[in-house]
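Just so you know, the protein sequences line up as chains A and P, in that order. With this note's numbering applied, the first sequence closes on residue 1261, and no number is skipped along the way. With this note's numbering applied, the second sequence closes on residue 1261, and no number is skipped along the way. Ideal placement from N, C-alpha and C gives every residue a C-beta, glycine not left out. A quick write-up on the structure given underneath.
Protein chains: 2
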Amino acid sequence: MGSKAQLTQSRSRARRDELLAAAIELFAEGGSRAITHRAVAARADLPPASTTYYFATIDDLIREALGAHIDQWTADLTDLTRVEFEADVGINDAAAFVTAIFAARGPEVAALELSIFLASARVPELRDNAADAMRAFESLTIAILERVGVSDGAALAAAIVALIAGTALRRQSGLYSEPSEALLLTSAIRDLVAAHVLGPETVDRTLADLRRAKA
Amino acid sequence: MGSKAQLTQSRSRARRDELLAAAIELFAEGGSRAITHRAVAARADLPPASTTYYFATIDDLIREALGAHIDQWTADLTDLTRVEFEADVGINDAAAFVTAIFAARGPEVAALELSIFLASARVPELRDNAADAMRAFESLTIAILERVGVSDGAALAAAIVALIAGTALRRQSGLYSEPSEALLLTSAIRDLVAAHVLGPETVDRTLADLRRAKA
DNA sequence: ACTGCGTTTGTACGTTCGTACCATTTTATC
DNA sequence: GATAAAATGGTACGAACGTACAAACGCAGT
């Protein structure tokens, strides 16, 4: 049996965190297959037996690593919610800001978070962590929308979050250049916000006009 | 050395395909960790040594399985592009149609395709397959937009694809009920199309109005 | 300084893995 | 039907894996 660690000493907690960080590194580089006791320990410059002291099984180690990483992301997003903006921030700045959160950290980092979301579907223990992260991302988006003047933006925020996540995924294919992706995303966010401001009646009318024009 | 198979016999090709299908099944259930020679052979009801005859290494097996699956998806999408619609199809039907392609096949299947996209970022051999799939999806979306009356919809299609992919990802967290997700997605697609039809000037003006209203 | 508990780590065990080998069976060609 | 090529499948071997264990170590409180 592993995992009789009690972590009463701070040095011990630090070592555990280093192992988790090493595991995330390996996961980012080679997927879950790259995470083994020995590889994690070697990456963290710790003896091979150190992993079994802190984690009962290798699956626990993987779960904890992914969970800790996504939790950190949740915490970062929650912190951002409290950031104050300048008074006259416009949609463009806000869109760029939200975009930057997910998409502009480099494709590799985004891929990591996306992978954890996917993994959470298979791993019940991670589901709450993923849900929290998603909630935090949407809350942040709602908060930013409010600063910009949109008050009832829950559904809009959900769409924007989906748009950002999808763009991050699309980017993994390497089909499109970096700046054009960012432009596309900002433009789409602006479109969504504008449609929301104009209201469903205008959208309905516009689409009805489109249908009539086609005939 | 494995992989001296020449596949001159159709039965042999069929067995190979069964192994690939079994590998995909295991991948969907337990990730890349679940794919081992023995597990794949057992799942396909074939002798343990059968995998080494068709695939030089286990990584080749994994790559080929993921590649074949995403290629099949590309082929399906390309076929759909050729489907003719009824004359007076509206945006709602079209949006529901595109939505169904990615999102309504059940979360598990969508997760599989998303996972392959993510994996393609790490595995150079899969990059072309992922790019082809993305292109096919966008081409299909462009084609559908044309039937609805939108002609210059390349950027719009990119946004819609991102939106759909992101919604599929968001759904993995299990935060939202199935029908509300579909509604949200359809609504967002309608908004994007409407904003596109109204044009950038209207969007600009609307956002400028919003900014003024806030102050 | 002593004692107990948490921590650290070298080592080893049994299992499963990737892969190779080779005898056997099946199929294609003549 | 004979012959060669392809396909099949039982088996085995070394490496890497997860995990366990016990001895050694360090940091409390006394």
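In chain order, what residues of the same chain have a beta carbon less than 7 Å from the beta carbon of Ser1233/P, not counting five sequence neighbours either side?
-> Sequence index remark: in the second sequence, residue 1233/P carries index 187 (1-based). For Ser1233/P, where only same-chain residues beyond five positions count, there are no Cβ hits under 7 Å.
Where Gly1212/A falls: helix, strand or coil (DSSP) | By one-based count along the first sequence, residue 1212/A stands at place 166. Gly1212/A: helix per DSSP, three-state reduction.
Does the beta carbon of Phe1163/P sit closer than 8 Å to a beta carbon anywhere in chain A?
-> Here residue 1163/P corresponds to residue number 117 of the second sequence, with the count starting at 1. Output row for Phe1163/P: interface = yes.
Output yes if chain A places a C-beta closer than 8 Å to the C-beta of Ser1166/P; else output no.
-> Residue numbering aside, residue 1166/P sits at position 120 when the second sequence is read from its first letter. By this cut-off, Ser1166/P is an interface position.
Could you tell me whether the Cβ of Ile1137/P comes closer than 8 Å to any Cβ of chain A?
-> For this step, residue 1137/P is matched to residue 91 along the second sequence. So yes, Ile1137/P belongs to the interface.
For the candidate residues Ala1200/P, Gly1212/P, Leu1191/P and Ile1070/P, whose alpha-carbon lies nearest to that of Arg1257/A?
-> Counting from 1 along the first sequence, the entry for residue 1257/A is found at position 211. Measuring from the Cα of Arg1257/A, the nearest candidate turns out to be Leu1191/P.
Alpha helix (DSSP H) segment containing Phe1163/P, residue limits | Numbered from its first residue, the second sequence carries residue 1163/P at position 117. Counting along the chain, the alpha helix (DSSP H) containing Phe1163/P begins and ends at Pro1153 to Arg1168.
Count the other CB atoms within 10 Å of the CB of Gln1218/P; is the residue buried (16 or more) or exposed (fewer)?
-> Residue numbering aside, residue 1218/P sits at position 172 when the second sequence is read from its first letter. Buried, since its Cβ has 16 or more Cβ neighbours within 10 Å.
Met1047/P versus Ala1102/P - alpha carbon distance | Here residue 1047/P is taken as the residue at index 1 of the second sequence, counted from 1. Here residue 1102/P is taken as the residue at index 56 of the second sequence, counted from 1. Confidence at Met1047/P is low in this model, with a pLDDT of 46, below 50, so the placement of that residue should be treated as unreliable; the coordinate-derived value is given next. Met1047/P and Ala1102/P: Cα-Cα distance of roughly 6 Å.
Sequence-distant residues of the same chain with beta carbon closer than 8 Å to Arg1059/P, five excluded per side | The residue labelled residue 1059/P in the question sits at position 13 within the second sequence. Once the five neighbours on either side are set aside, the close Cβ partners of Arg1059/P are Leu1053.
By Cβ distance, which residues of its chain are closer than 7 Å to Ile1070/P, with the 5 residues on each side in sequence left out?
-> Residue numbering aside, residue 1070/P sits at position 24 when the second sequence is read from its first letter. Once the five neighbours on either side are set aside, the close Cβ partners of Ile1070/P are Ala1111 and His1115.
How big is the Cα-Cα spacing for Ser1056/P and Val1144/A?
-> Looking up residue 1056/P in the second sequence gives position 10. Looking up residue 1144/A in the first sequence gives position 98. Approximately 53 Å between the Cα atoms of the pair.
Any residues in the stretch 1208 to 1221 of chain A with a beta carbon nearer than 7 Å to a beta carbon of chain P? Which ones, in chain order?
-> Ala1208, Leu1209, Ile1210, Ala1211, Gly1212, Thr1213, Leu1215, Arg1216, Gln1218, Ser1219, Gly1220 and Leu1221
From Arg1251/A to Asn1175/P, what does the alpha carbon distance come to, in whole angstroms?
-> For the purposes of this step, residue 1251/A is taken as the residue at position 205 of the first sequence. For the purposes of this step, residue 1175/P is taken as the residue at position 129 of the second sequence. Answer to the nearest angstrom: the Cα atoms are 40 Å apart.
Where His1083/P meets chain A, residues with beta-carbon distance less than 7 Å | Looking up residue 1083/P in the second sequence gives position 37. Per Cβ cutoff of 7 Å: no residues; His1083/P is ~14 Å from chain A at best.
Going straight from the alpha carbon of Asp1125/P to that of Thr1098/A, what length do you get?
-> Residue mapping note: residue 1125/P aligns to position 79 of the second sequence, counting from 1. Residue mapping note: residue 1098/A aligns to position 52 of the first sequence, counting from 1. Asp1125/P and Thr1098/A: Cα-Cα distance of roughly 51 Å.
Interface residues of chain P around Asp1262/A at Cβ under 8 Å?
-> Because chain A in this structure spans residues 1047 to 1261, residue 1262/A falls outside the shown range and cannot be described.
Where the alpha helix (DSSP H) through Val1135/P begins and ends = By 1-based counting over the second sequence, the position of residue 1135/P is 89. Neither: Val1135/P is in no alpha helix (DSSP H) and is coded neither H nor E.
Per-residue contacts from Gly1195/A into chain P (C-beta, under 8 Å) = On the first sequence, position 149 is the one that residue 1195/A refers to. Simply Leu1256, Arg1257, Ala1259 and Lys1260.
Who are the near neighbours of Asp1178/A in its chain, counting only those whose CB is closer than 7 Å to its CB and skipping five residues on each side?
-> In the first sequence, counting from the first residue as 1, residue 1178/A sits at position 132. Once the five neighbours on either side are set aside, the close Cβ partners of Asp1178/A are Thr1120.
Kindly confirm or deny that the stretch 1212 to 1226 of chain P and the stretch 1154 to 1174 of chain P touch, where touching means at least three C-beta pairs closer than 8 Å.
-> yes
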